[in-house]
Amino acid sequence: MSHSLAAHSLADRCALVTGASSGIGREVARRLASLGARVVACARRYDRLAELAAESEGSIHPARCDLRDLSEIEALFSEVRAEHGGVDILVNNAGFGHKQPLMSGEPAVWRDMLAVNVLALSACTRHAVVDMQARGVAGHILHISSLSAHRVPGGSGMYSATKFAVRSVTEGLRQELRDAGSPIRVTSISPGFVETEFAENYHGDPDAAAATYRRYPVLQPRDIADAVEFTVTAPAHVEYHDLLVRPTQQSS
Ligand SMILES: NC(=O)c1ccc[n+]([C@@H]2O[C@H](COP(=O)([O-])OP(=O)(O)OC[C@H]3O[C@@H](n4cnc5c(N)ncnc54)[C@H](OP(=O)(O)O)[C@@H]3O)[C@@H](O)[C@H]2O)c1
4 MSHSLAAHSL ADRCALVTGA SSGIGREVAR RLASLGARVV ACARRYDRLA
54 ELAAESEGSI HPARCDLRDL SEIEALFSEV RAEHGGVDIL VNNAGFGHKQ
104 PLMSGEPAVW RDMLAVNVLA LSACTRHAVV DMQARGVAGH ILHISSLSAH
154 RVPGGSGMYS ATKFAVRSVT EGLRQELRDA GSPIRVTSIS PGFVETEFAE
204 NYHGDPDAAA ATYRRYPVLQ PRDIADAVEF TVTAPAHVEY HDLLVRPTQQ
254 SS
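All residue numbers for the sequence shown refer to our numbering, where the first residue is 4 and numbers rise by one.
Listed below in structure tokens is the structure:
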């Protein structure tokens with residue numbers, strides 16, 4: 004999956020990938036580094052990030068950040084600015100769901116889901132856009148959203164609410180950027196089932212997670228890294244807005 008060799012290299016670009024300690028984020032960080040980008044990989048589990056940096060042939064820099072805390076996000080961007088000049092590509096991937104129904108779920112968990120999936124994504128975007136504008140960079144903002152931005156699976160009302168919000172802030176940002184005459188692109192990628200740590204966190208049960216991923220061949224993190232590569236290496240006049248990526252056998 005590629006456009007052209009000339010468009011392919013991300014050398015001299017700094018990419019920040021949130022939630023790079025596992026699953027999709029980890030694979031996206033590896034892919035962007037393999038395309039030549041200097042990648043800042045952020046998450047709470049620093050040991051995982053350090054391992055990723057050590058085993059990668061490309062340039063990956065671990066950065067610990069709890070995205071629920073806005074001051075940690077601010078410190079993260081200051082660090083990236085000081086060490087790498089600023090973010091050219093932002094992949095807002097960090098996110099999670101918990102099975103916490105609207106009739107009986109824990110409001111504190113809803114708050115954390117909203118904090119990471121929506122508020123942190125929006126705060127990171129704002130910092131990155133300010134940085135890109137200050138340096139005159141035609142950057143790229145990518146959100147890893149979900150098919151749950153397009154339908155509401157049973158019991159997932161609040162998780163879906165966070166992803167519907169991502170859909171809204173993607174379109175809202177696109178309009179603001181166009182009104183401002185900015186060349187910055189914004190893309191949302193909406194995956195179906197991807198085999199990661201997500202399902203175990205969602206169900207709180209490894210057997211339920213295994214059953215989710217055994218039903219039929221589900222997506223692997225590299226499939227989403229392919230979609231990221233495709234959108235980020237597209238010619239400057241092409242903006243992919245929302246890419247829905249399903250396992251072929253996923254019906255909804
Ligand atoms: N897997 C799927 O089927 C699927 C489908 C559609 C959409 N998605 C979306 O894909 C994205 C990535 O999920 P995944 O499937 O790769 O799941 P995952 O393996 O559980 O990865 C989630 C990542 O988010 C990070 N994260 C969570 N809370 C954080 C916090 N407070 N601060 C910083 N980082 C935090 C985690 O890092 P730490 O725990 O180390 O902080 C981890 O690196 C999410 O936005 C998810 O909603 C997944």
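For every residue, glycine included, the Cβ atom is placed at its ideal position computed from N, Cα and C.
At least three beta-carbon pairs within less than 8 Å, the region 213 to 226 to the region 166 to 183: no
Meets three-Cβ-pair contact criterion under 8 Å: the region 127 to 138 and the region 49 to 59: no
Are the beta-carbon atoms belonging to residue 193 and residue 153 less than 8 Å from one another? Stepping through the sequence shown from its first residue, residue 193 is reached at position 190. Stepping through the sequence shown from its first residue, residue 153 is reached at position 150. It is a contact, given that the beta carbons lie within the stated cut-off.
As assigned by DSSP and simplified to three states, the class of residue 276: Outside the shown range of the chain (4 to 255) lies residue 276, about which nothing can therefore be said.
Host beta strand (DSSP E) of residue 187 (start-end): Locating residue 187 in the sequence shown gives position 184, where the first residue counts as 1. Element bounds for residue 187: n/a, residue is neither H nor E.
From 91, 49, 69, pick the residue whose C-alpha is nearest to that of residue 273; which is it? Given a span of 4 to 255 for the chain in the structure shown, any question on residue 273 remains unanswerable.
Determine the contact status of residue 95 and residue 117, defining contact as a CB-CB distance below 8 Å. Working through the sequence shown from its first residue, we reach residue 95 at position 92. Working through the sequence shown from its first residue, we reach residue 117 at position 114. Taking 8 Å as the Cβ cut-off, residue 95 and residue 117 do not qualify as a contacting pair.
Count the other CB atoms, across all protein chains shown, that sit within 10 Å of the CB of residue 13; report buried if there are 16 or more and exposed otherwise. On the sequence shown, position 10 is the one that residue 13 refers to. Classification for residue 13: buried.
Limits of the alpha helix (DSSP H) - the one that residue 90 falls within: Taking the sequence shown and counting its residues from 1, one reaches residue 90 at position 87. Taken as a continuous stretch (DSSP letters only), residue 90 belongs to no alpha helix (DSSP H), as it is neither H nor E.
Using a Cβ-based criterion (distance less than 7 Å to any ligand heavy atom), does residue 69 qualify as near ligand 1? What you label residue 69 is simply residue 66 of the sequence shown in a count that begins at 1. Yes, the Cβ of residue 69 comes within 7 Å of a heavy atom of ligand 1.
Three-way DSSP call (helix, strand, coil) for residue 131 in this model: Taking the sequence shown and counting its residues from 1, the one referred to as residue 131 is at position 128. It is helical.
Roughly how many whole angstroms lie between the Cα atoms of residue 186 and residue 84? Your numbering for residue 186 matches position 183 in the sequence shown. Your numbering for residue 84 matches position 81 in the sequence shown. Residue 186 and residue 84: Cα-Cα distance of roughly 20 Å.
Between 207, 213, 190, 121, which has its C-alpha nearest residue 198's C-alpha? As a first step, residue 198 is located in the sequence shown; it is residue number 195 there, counting from the start. Of the candidates 207, 213, 190, 121, the one whose C-alpha sits nearest the C-alpha of residue 198 is 213.
Reducing DSSP to helix, strand and coil, say where residue 241 ends up. In the sequence shown, residue 241 corresponds to position 238, counting from 1. Residue 241 falls in the coil class under three-state DSSP.
Count Cβ pairs between the region 201 to 219 and the region 234 to 249 that sit closer than 8 Å; are there 3 or more? no
From 166, 100, 60, pick the residue whose C-alpha is nearest to that of residue 191; which is it? Along the sequence shown, read from residue 1 onward, the residue named residue 191 stands at position 188. Among 166, 100, 60, the Cα nearest to that of residue 191 belongs to 166.
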